[in-house]
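Q: Note that the numbering used here has the sequence shown beginning at 34, numbered continuously upward.
Heads up, the beta-carbon is just placed ideally off N, CA and C, and yes, glycines get one too.
Here it is: the structure, laid out below.
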Amino acid sequence: MRQAENELFERWADVRGPGFLKDGAGREFQGEPLRVLFVLKEAVDDPVTDPAVRYRWWDYRDFMDDGGQWQTWNNLARWTAHAIDGAGFGEVDYMSKDTRRRLIRRVAALNLKKIPGTSASDMGEIWRFASADATFLREQIALYRPHLTVACGTLEIVEHLYGLRPEDRIACGERHFHTVHAELGHLAGFWHPQCRLSKKWLFDQFAQLVADVRARGGLVPDVPAPVASLSGLPPQATNA
34 MRQAENELFE RWADVRGPGF LKDGAGREFQ GEPLRVLFVL KEAVDDPVTD PAVRYRWWDY
94 RDFMDDGGQW QTWNNLARWT AHAIDGAGFG EVDYMSKDTR RRLIRRVAAL NLKKIPGTSA
154 SDMGEIWRFA SADATFLREQ IALYRPHLTV ACGTLEIVEH LYGLRPEDRI ACGERHFHTV
214 HAELGHLAGF WHPQCRLSKK WLFDQFAQLV ADVRARGGLV PDVPAPVASL SGLPPQATNA
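And the structure:
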């Protein structure tokens, strides 16, 4: 998986230029029988520093494998634990970095804009980057063959990349998803993990989304998953 990603990124970076961000599959993603992909907007970092220098060696996949930062990745880890392991909120309320690290390595996450930006995303800019890089983005997503693609504040852009129509969405509470797609699995629109909503409420909404997708025949693993504790949580976890 990593080799295929790197071959794509070499071609992509030649077009995109300095500051290109490598992202994608966590270390254990390829072995997961149920594949979940999160589609995010952009990575966040200091815009003052020259990206040609700062990001030349930055690999976002290493950042993910190390658990990311709690502000975004605590919620993504909680959602991962539910989608893949069926974990309840009580098992993932408190999220240590070790727990987050074990969970995030099992999913894939990509940013539509491959040049890092600020915490206040300019959606017009995200649209421009995604439209310009549409062929590369579709090629990257094809590597992962996801069962569930969760567009975190990016649903309209992903729909545009694949020619999907908003009127074909299936309502799930305040969110929506599409019936199974050959390259995306079930595409679901969801809130960004840093939105100002309670982690419990977001978890419950995500659990409902997963239930509705399963009711439509989605999230069927390729092979039976091994029996294990729901999310590999230690007996006591401390909040990060």
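What is the rounded straight-line gap between the Cα of ARG111 and the Cα of ARG161?
A: Taking the sequence shown and counting its residues from 1, one reaches residue 111 at position 78. Taking the sequence shown and counting its residues from 1, one reaches residue 161 at position 128. Using only the alpha carbons, I get a separation of about 31 Å.
Q: Three-state secondary structure (DSSP) at HIS180?
A: Locating residue 180 in the sequence shown gives position 147, where the first residue counts as 1. Three-state result, HIS180: coil.
Q: In this structure, does DSSP put ARG208 in helix, strand or coil?
A: The residue labelled residue 208 in the question sits at position 175 within the sequence shown. In this structure, ARG208 counts as strand in the three-state DSSP scheme.
Q: At the level of alpha carbons, what is the spacing between GLY52 and TRP45?
A: Position 19 of the sequence shown holds residue 52. Position 12 of the sequence shown holds residue 45. When rounded, the distance between both Cα atoms is 12 Å.
Q: Between the C-alpha atoms of ARG178 and VAL48, what's the straight-line distance to the nearest angstrom?
A: Along the sequence shown, one-based indexing puts residue 178 at 145. Along the sequence shown, one-based indexing puts residue 48 at 15. If you take the alpha carbons of ARG178 and VAL48, they lie about 25 Å apart.
Q: Report, in whole angstroms, the separation of the C-beta atoms of LEU176 and MET34, which I expect to be a contact under 8 Å.
A: Stepping through the sequence shown from its first residue, residue 176 is reached at position 143. Stepping through the sequence shown from its first residue, residue 34 is reached at position 1. Right, their Cβ atoms sit about 7 Å apart.
Q: Report the CB separation of LEU67 from HIS180 in whole angstroms; it is logged as a contact under 8 Å.
A: On the sequence shown, position 34 is the one that residue 67 refers to. On the sequence shown, position 147 is the one that residue 180 refers to. Sure, about 5 Å apart at Cβ, within 8 Å.
Q: Identify the continuous alpha helix (DSSP H) that holds ALA46 and give its terminal residues.
A: Position 13 of the sequence shown, counted from the first residue, corresponds to residue 46. Looking at the DSSP string, the run of the alpha helix (DSSP H) that includes ALA46 is 35 to 49.
Q: What residues in its chain sit with their C-beta under 7 Å from that of LYS233, if we drop five residues either side in the sequence?
A: As a working mapping, residue 233 is identified with position 200 in the sequence shown. The residues are PHE122.
Q: Comparing C-alpha positions only, which one of ARG208, GLY100 and MET156 sits nearest to LEU235?
A: The residue labelled residue 235 in the question sits at position 202 within the sequence shown. With distances taken between Cα atoms, LEU235 lies closest to ARG208.
Q: Would you check if there are 3 or more beta carbon pairs closer than 8 Å linking the region 212 to 220 to the region 186 to 198?
A: Yes, they touch.
Q: Is ASP118 helix, strand or coil by DSSP?
A: Here residue 118 refers to the residue found at position 85 of the sequence shown. Three-state result, ASP118: helix.
Q: Tell me the rounded alpha-carbon separation between GLY64 and SER154.
A: Here residue 64 refers to the residue found at position 31 of the sequence shown. Here residue 154 refers to the residue found at position 121 of the sequence shown. Going from the Cα of GLY64 to the Cα of SER154 covers about 33 Å.
Q: Name the residue from ASP92, ALA248 and TRP224 whose alpha carbon lies nearest to the alpha carbon of THR105.
A: Within the sequence shown, numbered from 1, the residue matching residue 105 stands at position 72. The shortest Cα separation from THR105 among ASP92, ALA248 and TRP224 belongs to TRP224.
Q: Which of helix, strand or coil does DSSP assign to HIS193?
A: In the sequence shown, the residue the question calls residue 193 occupies position 160. Correct three-state label for HIS193: helix.
Q: Report buried or exposed for ARG229, applying the criterion of at least 16 other Cβ atoms within 10 angstroms of its Cβ.
A: Residue 229 sits at position 196 when you count from the first residue of the sequence shown. Flag for ARG229 reads exposed.
Q: Who are the Cβ neighbours of ARG138 in its own chain at under 6 Å, not counting the five residues just before and after it?
A: Indexing the sequence shown from 1 puts residue 138 at position 105. Counting only Cβ-Cβ distances below 6 Å, and skipping sequence neighbours, we find GLY59, ARG60, GLU61 and ASP98.
Q: Measure the alpha-carbon distance for ALA163 versus VAL125 and round it to whole angstroms.
A: Stepping through the sequence shown from its first residue, residue 163 is reached at position 130. Stepping through the sequence shown from its first residue, residue 125 is reached at position 92. The alpha-carbon atoms of ALA163 and VAL125 are separated by roughly 33 Å.
Q: Give the DSSP-derived three-state secondary structure of GLU158 in the structure shown.
A: In the sequence shown, counting from the first residue as 1, residue 158 sits at position 125. In this structure, GLU158 counts as helix in the three-state DSSP scheme.
Q: Helix, strand or coil, according to DSSP, for ASP95 in the structure here?
A: The sequence position of residue 95 within the sequence shown is 62, counting from 1. If DSSP states are grouped into helix, strand and coil, ASP95 belongs with the helices.
Q: Over the uninterrupted alpha helix (DSSP H) stretch that includes PHE239, give me the two end residues.
A: Along the sequence shown, read from residue 1 onward, the residue named residue 239 stands at position 206. It spans 232 to 248 - the alpha helix (DSSP H) in which PHE239 sits, taken as one unbroken run.
Q: Report back the beta-carbon spacing between ILE159 and GLU216 to the nearest angstrom; my notes put them in contact at under 8 Å.
A: Mapped onto the sequence shown, residue 159 falls at position 126. Mapped onto the sequence shown, residue 216 falls at position 183. With 8 Å as the limit, ILE159 and GLU216 do not qualify as a contact, their Cβ atoms being about 20 Å apart.
Q: Where LEU145 and GLN173 are concerned, what is the direct C-alpha to C-alpha distance, given to the nearest angstrom?
A: Taking the first residue of the sequence shown as position 1, residue 145 is located at position 112. Taking the first residue of the sequence shown as position 1, residue 173 is located at position 140. Computed Cα separation, rounded: 11 Å.
Q: Span of the beta strand (DSSP E) holding LYS74?
A: Stepping through the sequence shown from its first residue, residue 74 is reached at position 41. First-last of the beta strand (DSSP E) with LYS74: 69 to 77.
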